[in-house]
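Residue numbers 1 to 138, in our numbering, belong to the letters of the sequence shown in order.
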Amino acid sequence: MALSRQRLIVEAQSSMQTIMDNLQSYRIKFPLNCEGFKYRLGDFRVRVGKVVQINFGNLRGIVMEMEYLPISSWKTSHLIMSEFFEILKETLGKKSLPGHFVHVEPNFSEFGLSDQYTSRHTVVQYASILAQMTTMAQ
1 MALSRQRLIV
11 EAQSSMQTIM
21 DNLQSYRIKF
31 PLNCEGFKYR
41 LGDFRVRVGK
51 VVQINFGNLR
61 GIVMEMEYLP
71 ISSWKTSHLI
81 MSEFFEILKE
91 TLGKKSLPGH
101 FVHVEPNFSE
111 FGLSDQYTSR
121 HTVVQYASIL
131 AQMTTMAQ
């Protein structure tokens, strides 16, 4: 769970959602559901999924996450992945597909995260992506 305003990442069991609902300490403004598939291609782990607005079933976007497994340094892998994303963006730009490609890049240092990539980095990435989709949908 990422608490964006406080710039905190906390680990909680799945029952946390029920606790938060019962406390009514927050309100879901734009409920989204993410579901997809995970693939392993050599040194790459790729996750692809769709993001759907829960109450309406509207597709809000498609999310793709790539991880280059041999490198755990975010700064080092960032250079390689940036090149890949530029190639992907250029390739998709040549197709006549609806929508547009958005590269969301969170600021990990705001959450006090080190250069060594962890599951906490993934939480910040997902929170940033969903926040971007929520903003674009309103």
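For each residue, glycine too, the CB sits at the ideal point set by N, CA and C.
Taking 8 Å as the cut-off, does the stretch 47-63 touch the stretch 80-96 (at least 3 CB pairs, one atom from each stretch)?
Touching, no, given that fewer than three Cβ pairs across the two stretches are closer than 8 Å.
Simplified DSSP state of residue 65, which is helix, strand or coil
The answer is strand: DSSP assigns residue 65 an E or B state.
Just how far apart, CA to CA, sit residue 35 and residue 93?
Computed Cα separation, rounded: 25 Å.
Tell me the DSSP secondary structure of residue 39 in three-state form.
Note: residue 39 maps to strand in three-state DSSP.
With a floor of 4 residues, list each alpha helix (DSSP H) that falls wholly inside the stretch 38-126, ordered by position along the chain.
Uninterrupted alpha helix (DSSP H) stretches at least 4 residues long and entirely within the stretch 38-126 occur at 74-93, given in chain order.
Decide if the stretch 108-124 is in contact with the stretch 41-57; the criterion is three or more beta carbon pairs, one per stretch, under 8 Å apart.
Counting C-beta pairs with one atom in each stretch, the stretch 108-124 and the stretch 41-57 have fewer than three that are closer than 8 Å, which means they do not touch.
Residues of its chain near residue 122, where Cβ-Cβ distance is below 6 Å and the 5 sequence neighbours each way are ignored:
None.
Pull up the distance between the alpha-carbon of residue 41 and that of residue 80, whole angstroms please.
Computed Cα separation, rounded: 16 Å.
With distances taken from CA atoms, which of 76, 125 and 18 is nearest residue 106?
Each of 76, 125 and 18 was checked against the Cα of residue 106, and the nearest Cα belongs to 125.
Drop a sphere of 10 angstroms on the beta-carbon of residue 59, count the other beta-carbons inside from all chains shown, and report buried for 16 or more, exposed for fewer.
Residue environment analysis places residue 59 among the exposed positions, since fewer than 16 neighbouring C-beta atoms fall within 10 angstroms of its C-beta.
If you draw a straight line from the alpha carbon of residue 56 to that of residue 98, how long is it in whole angstroms?
Their Cα atoms are separated by approximately 20 Å.
For residue 51, count the other beta carbons within 10 Å of its own beta carbon; 16 or more makes it buried, fewer makes it exposed. Which is it?
Flag for residue 51 reads buried.
Rounded distance between the beta-carbons of residue 54 and residue 22, thought under 8 Å:
About 19 Å separates the two Cβ atoms, so there is no contact after all.
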